[in-house]
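Peer 1: Sequences listed follow chains C and H, in order.
For the first sequence, position 35 (counting from the first letter as 1) is numbered 35 according to our numbering, and the numbering increases by one without interruption.
For the second sequence, position 147 (counting from the first letter as 1) is numbered 147 according to our numbering, and the numbering increases by one without interruption.
What follows is a structure written as structure tokens; I'll ask about it next.
Number of protein chains: 2
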Amino acid sequence: MASGEDDLIARYFKPLARDAGAFDLGDDCAVLTSSADDLVLTTDAIVEGVHFLPDDPPETIARKALRVNLSDLAAKGATPAGFLLTLALRSAEDAWLAPFAKALDADATAFGCPLLGGDTVSTPGPLMISVTAFGRVPAGGMVRRAGARPGDHVVVSGTIGDAALGLDILKGGPAAGAAFGEARVALVQRYREPQPRSALAQAVRDHASAAMDVSDGLAGDLAKLCAVSGVSAAIEAAAIPLSDAARAVLGAGAGRIEQLIACGDDYEILCTVPQARLPAFCADAGRAGVMVTTIGRITEGHAVPQFSDAQRRPIALSALSYSHF
Amino acid sequence: MASGEDDLIARYFKPLARDAGAFDLGDDCAVLTSSADDLVLTTDAIVEGVHFLPDDPPETIARKALRVNLSDLAAKGATPAGFLLTLALRSAEDAWLAPFAKALDADATAFGCPLLGGDTVSTPGPLMISVTAFGRVPAGGMVRRAGARPGDHVVVSGTIGDAALGLDILKGGPAAGAAFGEARVALVQRYREPQPRSALAQAVRDHASAAMDVSDGLAGDLAKLCAVSGVSAAIEAAAIPLSDAARAVLGAGAGRIEQLIACGDDYEILCTVPQARLPAFCADAGRAGVMVTTIGRITEGHAVPQFSDAQRRPIALSALSYSHF
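The following block contains the structure:
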């Protein structure tokens with residue numbers, strides 16, 4: 001009686017749908033029960049050949065699809081509540097679906113974000129995975145992009161630019177000739193498998209005046225945050241946190257800081273923290289096990305944020321961020 | 001400063017995002033504020049060449065993308081609260097995007113379901129529109145597929161099979177030679193532009209023991225409802241409501257009832273209503289302006305629902321519903 005589509009869902013995804021609101025994926029809709037919290041909503045899709053490479057392993061594609069959304073929730077200070085999955089597939093192959101579903105399940109469990117429902121469609125085109133994720137914050141508590149004030153510290157989590165170098169390596173670009181061994185593996189993994197800073201969500205909610213995740217390049221994303229906050233920023237490029245692997249590539253002349261801050265896929269949190277809150281924010285981040293680095297200050301005005309080098313000379317950026325169109 | 005993707009969103013979709021929780025599409029996430037209601041979630045994607053035809057007008061594609069989701073909410077008894085839109089586009093053409101956005105806006109307003117956010121990605125493949133829609137029901141009030149009991153009436157809204165005939169016409173099938181003039185226009189429109197029965201949501205919530213929307217074919221969808229409810233059903237095919245246009249096509253021998261109940265895209269509500277509730281349900285449906293028709297009864301057992309003709313002979317169905325895989 002069940003169709004091929006129903007069989008596919010029952011076989012690969014029903015085992016993931018353990019939340020009561022998913023109704024075993026056997027209903028038209030899912031439910032998130034009422035609570036005193038606001039519900040934070042985000043949706044991000046990834047497309048084969050655009051956001052991931054055709055020969056990326058199914059496990060890393062699954063993780064990327066979910067984690068880019070978890071990164072958004074974390075940046076807003078939200079606690080994950082669940083997600084919907086839309087899969088556009090050319091065919092239903094066990095060799096791809098089984099490891100994809102298994103990796104997705106592991107991530108859903110690790111991040112406390114259960115599968116609630118979804119849709120599976122056939123496409124003659126590239127594989128596409130669209131996730132809509134839900135998070136909860138106390139009423140009115142979502143951390144906005146708007147809210148940064150002059151004097152606030154500009155803070156980023158983790159390190160910047162690794163994913164851009166990882167993609168460059170996979171495409172055989174200059175970084176491919178400068179990163180070897182563990183460094184190469186680490187950079188490629190940063191491209192394929194973002195690390196959402198869910199552990200930092202509470203600290204962001206408690207202390208940040210504004211926040212977003214860095215997905216289209218630090219320079220462009222900071223410009224967006226500043227524009228909607230009605231402020232500018234002064235950033236010291238030398239303070240931008242880089243991994244040892246990224247430093248090695250830059251040291252070999254196979255990449256420049258200007259490129260790293262204009263490329264995407266970092267999935268780190270960019271936030272602004274008032275001076276008085278910075279010690280508590282850093283302490284909470286430390287307890288959460290997430291490295292955070294102050295890279296500059298919010299300034300008055302409406303100019304595009306200024307990046308300067310160690311000699312305080314402005315750095316010219318030809319592009320601020322990645323755009324699909 | 002803004003990228004092409006940001007420009008596209010600002011130009012075409014920001015004007016639609018009038019709900020406060022959309023933050024003018026200028027943040028990473030949207031918000032649905034806390035309430036005493038449960039939140040009902042659904043997501044359905046439509047793909048060019050699969051769910052709509054490459055030369056379908058952008059207006060009808062917009063309506064279909066949103067309405068297939070509104071249909072799910074209505075069948076669950078939910079009141080629309082908003083939606084997220086994911087667009088996978090080959091290119092950003094004003095001639096397509098402008099009418100698409102305008103029609104989407106009109107529907108969002110008409111159905112009280114504001115745009116809250118979304119994602120726009122480029123694809124080398126077919127156009128794909130994925131909508132995630134949210135509705136509200138009183139806590140615990142979502143009408144499930146499970147819940148049908150022996151003796152309940154099986155009821156459908158509107159008419160069945162029009163969309164299947166409309167698609168047949170567009171593909172130059174037998175119906176194309178049997179439907180002319182207004183009938184032809186009406187059938188094609190039913191394929192291109194589902195009519196979500198949002199007006200019936202309250203009556204479904206108040207009276208139905210189980211409900212779902214008919215999207216993959218009446219026979220198959222009823223079988224799903226019965227399976228999850230642990231019951232069977234006896235349906236009189238002659239009672240299935242058909243439009244005048246559909247009757248004309250069947251009368252001309254260019255289609256059979258067996259096909260109409262095994263094809264999809266009806267987007268009518270299929271529900272079961274206890275005997276004692278039927279008068280009130282029908283009265284409420286009348287006040288809502290939605291035609292409802294009793295087509296049979298729920299029976300005991302686990303057999304696939306039985307469809308019989310006017311002489312009470314069983315109708316054999318070769319396929320129950322449409323499947324993508």
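Beta carbons are placed, not taken as given, at the ideal position from N, Cα and C, and that holds for glycine.
State yes or no: is the C-beta of R170/C within less than 9 Å of the C-beta of L16/C?
Peer 2: Checking the displayed sequence, the identity of residue 170/C turns out to be Leu instead of Arg. Not closer than 9 Å, so no.
Peer 1: Can you pull the chain H residues whose beta carbon is under 8 Å from the beta carbon of S35/C, in chain order?
Peer 2: Residues of chain H passing the Cβ test: S34.
Peer 1: Does the beta-carbon of Q195/H have 16 or more other beta-carbons within 10 angstroms, so that it is buried, or is it exposed?
Peer 2: Burial call: buried.
Peer 1: Could you check whether the Cβ of S130/H sits closer than 9 Å to any Cβ belonging to chain C?
Peer 2: Answer yes: the Cβ-Cβ gap between S130/H and chain C drops below 9 Å somewhere.
Peer 1: Does the beta carbon of S122/H sit closer than 9 Å to a beta carbon anywhere in chain C?
Peer 2: Yes, S122/H counts as interfacial toward chain C.
Peer 1: Counting only the same chain and skipping the five closest in sequence on each side, list residues whose C-beta sits under 7 Å from that of L200/H.
Peer 2: Excluding sequence neighbours, L200/H sits near A74, S157, I269, A285, A288 and V290.
Peer 1: Look up F307/H in the DSSP assignment and say whether it is helix, strand or coil.
Peer 2: If DSSP states are grouped into helix, strand and coil, F307/H belongs with the strands.
Peer 1: Does any C-beta atom of chain C lie closer than 9 Å to the C-beta of A30/H?
Peer 2: Judged by the 9 Å Cβ criterion, A30/H is in contact with chain C.
Peer 1: Does DSSP put R297/H in a helix, a strand or coil?
Peer 2: Three-state DSSP puts R297/H in a strand.
Peer 1: How many angstroms separate the CA atom of Y267/C from the CA atom of V214/C?
Peer 2: Looking at the two C-alpha atoms, the distance is approximately 5 Å.
Peer 1: Closer than 8 Å by beta-carbon distance: list the chain C residues that pair up with P126/H, in chain order.
Peer 2: The contacting residues are T123, P124 and G125.
Peer 1: Contact check, A234/H vs T299/H under 8 Å by CB: the rounded distance?
Peer 2: Confirmed, about 5 Å.
Peer 1: Kindly indicate if chain C contains any beta-carbon less than 9 Å away from that of K224/H.
Peer 2: True, the Cβ-Cβ gap to chain C drops below 9 Å.
Peer 1: Distance, Cα to Cα, V154/H vs G301/H?
Peer 2: Cα to Cα, V154/H sits roughly 16 Å from G301/H.
Peer 1: Using a Cβ cut-off of 9 Å (strictly closer), state whether V50/H contacts chain C.
Peer 2: V50/H counts as touching chain C.
Peer 1: For G371/C, which option in Q311/C, A175/C, V228/C and R144/C has the closest C-alpha, if you only look at C-alpha atoms?
Peer 2: Since the first residue shown for chain C is 1 and the last is 325, residue 371/C is missing from the structure and cannot be characterised.
Peer 1: Compare the C-beta of I315/H against all C-beta atoms of chain C and say whether one is closer than 9 Å.
Peer 2: No, I315/H lies away from the interface with chain C (no Cβ there is under 9 Å from its Cβ).
Peer 1: Hey, which unbroken runs of the beta strand (DSSP E) at 3 residues or more fall wholly within the region 105-145 of chain H?
Peer 2: Qualifying beta strand (DSSP E) stretches, in chain order: 115-122 and 128-138.
Peer 1: Go ahead and pull the three-state DSSP assignment for S71/H.
Peer 2: It is helical.
Peer 1: Would you check if the distance between the CB atom of V383/C and the CB atom of L84/C is smaller than 9 Å?
Peer 2: Nothing about residue 383/C can be reported from this structure: the residues present for chain C run from 1 to 325 only.
Peer 1: Quick test of the definition: if touching needs 3 or more C-beta pairs under 8 Å, does the region 219-231 of chain H touch the region 100-115 of chain H?
Peer 2: The answer is no - the region 100-115 of chain H does not touch the region 219-231 of chain H, with fewer than three Cβ pairs under 8 Å.
Peer 1: To the nearest angstrom, how far is the alpha carbon of F146/C from that of G82/H?
Peer 2: Looking at the sequence provided, one finds Ala at residue 146/C rather than Phe. When rounded, the distance between both Cα atoms is 22 Å.
Peer 1: Less than 9 Å between the beta carbons of T123/H and L97/H, yes or no?
Peer 2: Taking 9 Å as the Cβ cut-off, T123/H and L97/H do not qualify as a contacting pair.
Peer 1: Whole angstroms is fine: what's the gap from V50/C's alpha carbon to L242/H's?
Peer 2: Approximately 45 Å between the Cα atoms of the pair.
Peer 1: Would you mind telling me which residues of chain H sit closer than 7 Å to D107/C, beta carbon to beta carbon, in chain order?
Peer 2: Ordered by position in chain H, no residue passes the 7 Å Cβ test against D107/C, which lies about 19 Å from the chain.
Peer 1: Leaving out the 5 sequence neighbours to the left and right, which residues in its chain are closer than 7 Å to D56/H when beta-carbon positions are compared?
Peer 2: Result list for D56/H: R192, in chain order.
Peer 1: Taking the beta carbon of S318/H as the centre, do at least 16 other beta carbons fall within 10 Å, making it buried, or is it exposed?
Peer 2: Looking at its Cβ environment, which holds fewer than 16 other Cβ atoms inside 10 Å, S318/H is exposed.
Peer 1: Do the CB positions of G77/H and R297/H come within less than 9 Å of each other?
Peer 2: No.
Peer 1: Alpha carbon to alpha carbon, how far is P274/H from L41/H?
Peer 2: One C-alpha to the other measures close to 26 Å.
Peer 1: Is C271/C helix, strand or coil by DSSP?
Peer 2: It is a strand residue.
Peer 1: Give the DSSP-derived three-state secondary structure of G4/H in the structure shown.
Peer 2: In the structure shown, G4/H sits in a helix (DSSP, three-state: H, G or I).
Peer 1: Near A148/H, which residues of its chain fall below 7 Å by C-beta distance, leaving aside the five closest residues on each side in sequence?
Peer 2: Once the five neighbours on either side are set aside, the close Cβ partners of A148/H are S209, A210, L225, C226, S229, V231, T272 and I298.
Peer 1: Comparing alpha-carbon positions, which option in L127/C, P80/C, V143/C and T120/C lies nearest F134/C?
Peer 2: Here the closest residue by C-alpha is P80/C.
Peer 1: Rounded to the nearest angstrom, what separates L167/H and A95/C at their Cα positions?
Peer 2: Between L167/H and A95/C, the C-alpha separation is close to 34 Å.
Peer 1: What's the call for F23/C, buried or exposed, on a 16-neighbour Cβ count within 10 Å?
Peer 2: So F23/C counts as buried.
Peer 1: Suppose you measure from the CA of E182/C to the CA of G217/H; what does that come to, to the nearest Å?
Peer 2: Roughly 54 Å between the two C-alpha positions.
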